[in-house]
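Student: What follows is a single structure, and I will ask about it in a moment.
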Amino acid sequence: MQPAEFDMEEVLSVAIATEWEGYAFYRTMADRTSSPLGKEMFNRLAEEEVEHVHVLEQVSCAYTDNCVYMDYDTALEYIECEVDLDEMDEEGATCTETAPIFKRGVE
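Residue numbering for the sequence shown follows the numbering used here, beginning at 1319 and increasing consecutively.
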């Protein structure tokens, strides 16, 4: 079986979406924990994911003909395909209902 071939734009798009996925997870965990130290830790980890997105966007501009910038809506499409946010929601909210947790820090 041959490995799938991806061009650099695809790889960078997936990498950026994955960083946004991590961001969403850490923000959700920051919202859920009652520990001030835990909130601080998860919020810092979320900030680091955003920093990773910016680095990947710079790599995209340097390495490809087209810069890959992923806005919230595009990242959400990737996230909905790649991660089940329902598992993080104890009350069974859908990905779309859980997404505002993610969007709050992006805007």
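For each residue, glycine too, the CB sits at the ideal point set by N, CA and C.
Given the structure is predicted, the values throughout are model-derived calculations rather than measurements.
(1) How would you label F1360, buried or exposed, when you count the other beta carbons within 10 angstroms and need 16 or more for buried?
(2) Candidates L1363, Q1376, Y1381: which alpha carbon is nearest E1339's?
(3) For my contact list, E1323 and L1374 are in at a C-beta cut-off of 8 Å; report their separation, rounded to the angstrom.
(4) Let me know if E1367 comes out buried or exposed under the rule of 16 or more other beta-carbons within 10 Å of its beta-carbon.
(5) Going by Cα to Cα distance, which pick from T1382, Y1381, V1371 is closest to I1334?
(6) Within 10 angstroms of the Cβ of Y1341, are there 16 or more other Cβ atoms? Answer buried if so, exposed if not.
(7) Between which two residues does the alpha helix (DSSP H) harbouring F1360 extend?
Tutor: Reading it off the structure:
(1) Here residue 1360 corresponds to residue number 42 of the sequence shown, with the count starting at 1. F1360 comes out buried.
(2) For this step, residue 1339 is matched to residue 21 along the sequence shown. Out of L1363, Q1376, Y1381, L1363 has the C-alpha closest to the C-alpha of E1339.
(3) As a first step, residue 1323 must be located in the sequence shown, where it is residue number 5. As a first step, residue 1374 must be located in the sequence shown, where it is residue number 56. 20 Å between Cβ atoms; not a contact.
(4) Residue numbering aside, residue 1367 sits at position 49 when the sequence shown is read from its first letter. Burial call: buried.
(5) For the purposes of this step, residue 1334 is taken as the residue at position 16 of the sequence shown. Cα-wise, what sits closest to I1334 is V1371.
(6) Here residue 1341 corresponds to residue number 23 of the sequence shown, with the count starting at 1. Buried.
(7) As a position in the sequence shown, residue 1360 is number 42, starting the count at 1. First-last of the alpha helix (DSSP H) with F1360: 1354-1381.
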